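Residue numbers (this note's numbering): 623 to 915.
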């Protein structure tokens, strides 16, 4: 899934009142409000999973039952409730997505800002970033996940490690524009250190881009986790949407128990689509050319 093209314009730090107006303008967009609502529902499902449904375990008498009032999403070949699997899978997918996104954002933002302001670092960081972007990410993730002991944390580290280059390139692109602005030169003339300029002047100007990157990177991390789990490289002790699909494939009921693959697939689609649309609409809102500024 290719990443949406983000607008890379320089946006100086804004006043709180302007920021509040931007948030109101953002939530007034129907697609943005709907996307945020879907994300909020997903987070609520993850947090309230123990209250909503018992964690699936063992075998039940209702084997391969279609969706009904007793089992909203049907049951699998062991008689386990698919709705409970999807709810508990939401927790795992969100944890890995957000944690991997956080790793990628921290690394990518730090490298991107350092590259934008400190030119000696830029030469090395640009080469490393280009090499990372040229690597075949999926085969490498599969190889590493197969070598190490599969767990939530190893998957998170692997996905986060391979996700930072795109963030670094975006932050560096906007950071270069901001570092050439007059107020940056003024801060330098007044004796501000490089660390202060990067953290107090450049970083606040790229915060909006960081927020967009969090959403887009998290959605890609969810897809990566689902793919690795479907290949049998996920945590065997934790439910995830990819594990539900793997169980359906292993049991050979894909053709007859359509509900076992439909509902986790829809959950993945909704989360990725909501995060992508929310990020793109936020990017549109912060663009002064779209706001008439």
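Just so you know, even glycine gets a beta-carbon here, dropped at the ideal spot from N, CA and C.
As the structure is a computational prediction, the values presented were derived from the model and not from experiment.
With fewer than three CB-CB distances shorter than 8 Å, the segment 764–777 does not count as touching the segment 725–734.
Here residue 703 carries a strand assignment [DSSP, helix/strand/coil]. Per DSSP, the continuous alpha helix (DSSP H) segment holding residue 674 begins and ends at 671–674.
Comparing C-alpha distances from residue 787 to each of 839, 877, 882, 690 shows the shortest one belongs to 839. Scanning its chain for C-beta atoms nearer than 6 Å, with the 5 sequence neighbours on each side dropped, one finds around residue 781 the residues 722, 843, 846, in chain order. Annotation: the continuous alpha helix (DSSP H) that includes residue 800 extends over 774–801.
Of the other Cβ atoms in all chains shown, fewer than 16 fall within 10 Å of the Cβ of residue 742; this residue is therefore exposed. Beta-bridge annotation (DSSP): residue 697 is paired with 703.
Rounded to whole angstroms, the Cβ separation of residue 651 and residue 872 is 42 Å, and the two are not in contact under 8 Å.
Apart from sequence neighbours up to five positions away, the residues of its chain that approach residue 896 with a beta-carbon distance below 6 Å are 657, 660, 661, ordered along the chain. Residue 666 places its beta carbon 7 Å or farther from that of residue 706.
Judged by DSSP secondary structure, residue 869 falls within the alpha helix (DSSP H) whose first and last residues are 863–873. Around the beta carbon of residue 886, 16 or more other beta carbons lie within 10 angstroms, which makes this residue buried. Annotated three-state conformation of residue 880 is coil, per DSSP. Non-local beta-carbon contacts of residue 837 in its own chain, meaning distances under 6 Å to residues more than five positions away in sequence, involve 897, 900, 901 in chain order.
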